[in-house]
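Everything on this sheet refers to the single structure shown next.
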Amino acid sequence: MTLLQLIGGLVFVLISVVIGKKGQKQWRLKNTFNQEPAPIRSLTDGMTGVVIKGTINANKTVSQLFTDYENPVLNSWTVRSGSGSDKSIRSSGFEVVNFELSDGNDSVSIDPQFWISKHSSEEKAFFELSSSSDYISIDGSNTKHTSRRGKLPEHLYEYVKEQDPSYQNLTKNKRLKKAQSKRKRKRFESQMLTDGDEVYVYGNTEVRQGDVNIIGTEKTPLIITNKSPKDFNRSYFFSFLLSTIASLFAFGIGAVLIITTGLF
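Shown next as structure tokens:
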């Protein structure tokens with residue numbers, strides 16, 4: 064019993080450390096947009112942690128899933144199944160292309176592809192979209208887009224398979240196959256940034272072939288958001304508070320378990 068108690072205490076301490084590191088990251092991010100946006104014409108090579116504000120000019124676009132939204136440069140999507148409290152994520156991802164940002168006088172190239180190529184999937188998603196972003200939700204219960212047994216409409220299913228090849232293998236697992244039933248209908252949720260949207264961008268500058276690009280690095284993530292600076296900073300501040308409380312709580316439980324073993 065004492066050994067199990069000790070192991071349990073060490074596990075809680077380890078959990079505390081992991082949550083604490085997440086809190087440190089959130090603390091850094093909450094100060095991202097405290098500075099005023101810099102005029103694009105003032106950008107030079109080698110600047111770090113700059114903030115700019117402007118309107119998206121789309122040179123390329125991601126897959127045109129929905130004709131209602133013209134020239135999307137970002138599609139952040141999620142596939143969920145079930146409903147209410149039983150709703151769970153089956154797959155998620157995003158598709159993004161490089162684009163230009165204009166402040167009315169000058170423009171600068173935004174290069175999320177460079178950031179994505181250098182980082183793992185867990186570190187890619189630095190696209191903070193507000194609830195007022197272009198948004199669409201489609202599921203098997205919607206008669207306009209309905210598909211038998213609550214599955215995704217065919218064009219969305221093919222899109223998800225292309226973006227996440229593992230998704231097509233879900234039905235090979237018996238438990239997951241059951242989740243494909245009409246009682247567990249699929250829902251495809253998507254948020255987009257499109258040509259003409261106003262966004263804030265945070266990152267480093269790099270001059271390539273005479274043009275300034277905004278990129279992300281290991282120390283300075285590339286962040287693209289259509290939230291106001293106040294909303295962005297506030298969301299990470301509250302996330303930091305929750306992480307701190309959870310970390311202290313886990314550490315407290317771990318410390319009590321370890322101390323009460325009587326081994327220390």
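Each number in the numbering used here corresponds to the 1-based position in the sequence shown with 63 added. Each residue gets a CB set at the ideal place from its N, CA and C atoms; glycine is no exception.
My understanding is that residue i touches residue j, with C-beta atoms under 8 Å, so please give their C-beta distance in whole angstroms.
{"i": "I138", "j": "L128", "result": "The amino acid at residue 138 is misidentified as Ile; the sequence shows Asn. Correct: roughly 7 Å between the Cβ atoms."}
{"i": "N267", "j": "T283", "result": "5 Å"}
{"i": "V114", "j": "P135", "result": "V114 to P135, Cβ: 24 Å. No contact."}
{"i": "E133", "j": "D258", "result": "6 Å"}
{"i": "Y265", "j": "T95", "result": "5 Å"}
{"i": "D166", "j": "G117", "result": "4 Å"}
{"i": "L164", "j": "T324", "result": "The Cβ separation is near 57 Å, so there is no contact."}
{"i": "G72", "j": "S306", "result": "Not quite, the Cβ-Cβ distance comes to about 21 Å (not below 8 Å), so this is no contact."}
How should residue i be labelled, buried or exposed, when 16 other C-beta atoms within 10 angstroms of its C-beta is the threshold for buried?
{"i": "I308", "result": "exposed"}
{"i": "D55", "result": "Nothing in the structure corresponds to residue 55, since the chain is present only between 64 and 327."}
{"i": "R104", "result": "exposed"}
{"i": "V319", "result": "exposed"}
{"i": "V159", "result": "buried"}
{"i": "V171", "result": "buried"}
{"i": "K93", "result": "buried"}
{"i": "S4", "result": "This structure does not reach residue 4, given that the chain is present from 64 up to 327, and the question cannot be answered."}
{"i": "N168", "result": "exposed"}
{"i": "F301", "result": "exposed"}
{"i": "K290", "result": "buried"}
{"i": "G315", "result": "exposed"}
{"i": "S144", "result": "buried"}
{"i": "N232", "result": "The predicted position of N232 is uncertain, since its pLDDT is 47 and thus under 50; a value taken from the coordinates is nonetheless stated next. N232 is exposed by the Cβ-count criterion."}
{"i": "I152", "result": "exposed"}
{"i": "Q272", "result": "exposed"}
{"i": "L219", "result": "buried"}
{"i": "I321", "result": "buried"}
{"i": "P98", "result": "For clarity, residue 98 is Gln in the given sequence; the question names Pro instead. Classification of Q98: exposed, given that the 10 Å Cβ count is below 16."}
{"i": "V270", "result": "exposed"}
{"i": "L67", "result": "exposed"}
Per the DSSP calculation, residue i is bridged to which residue(s)?
{"i": "F157", "result": "S139"}
{"i": "K249", "result": "S144"}
{"i": "S105", "result": "DSSP lists no partner for S105."}
{"i": "G117", "result": "V262"}
{"i": "F162", "result": "I173"}
{"i": "S151", "result": "S144"}
{"i": "V76", "result": "The partner list for V76 (beta bridge, DSSP) is empty, contrary to what the question assumes."}
{"i": "I286", "result": "Y265"}
{"i": "N94", "result": "BP columns for N94 are empty, so no partner."}
{"i": "R271", "result": "D274"}
At a cut-off of 6 Å, would you count residue i as near the ligand COA, judging by its Cβ distance to the nearest heavy atom?
{"i": "R250", "result": "In the structure on display, the ligand COA does not appear, and there are no ligands present to speak of."}
Check whether the stretch 66-84 touches the stretch 303-317, taking contact to mean three or more Cβ pairs, one atom from each stretch, closer than 8 Å. yes
With three or more beta-carbon pairs closer than 8 Å as the criterion, would you say the stretch 249-257 touches the stretch 164-175? no
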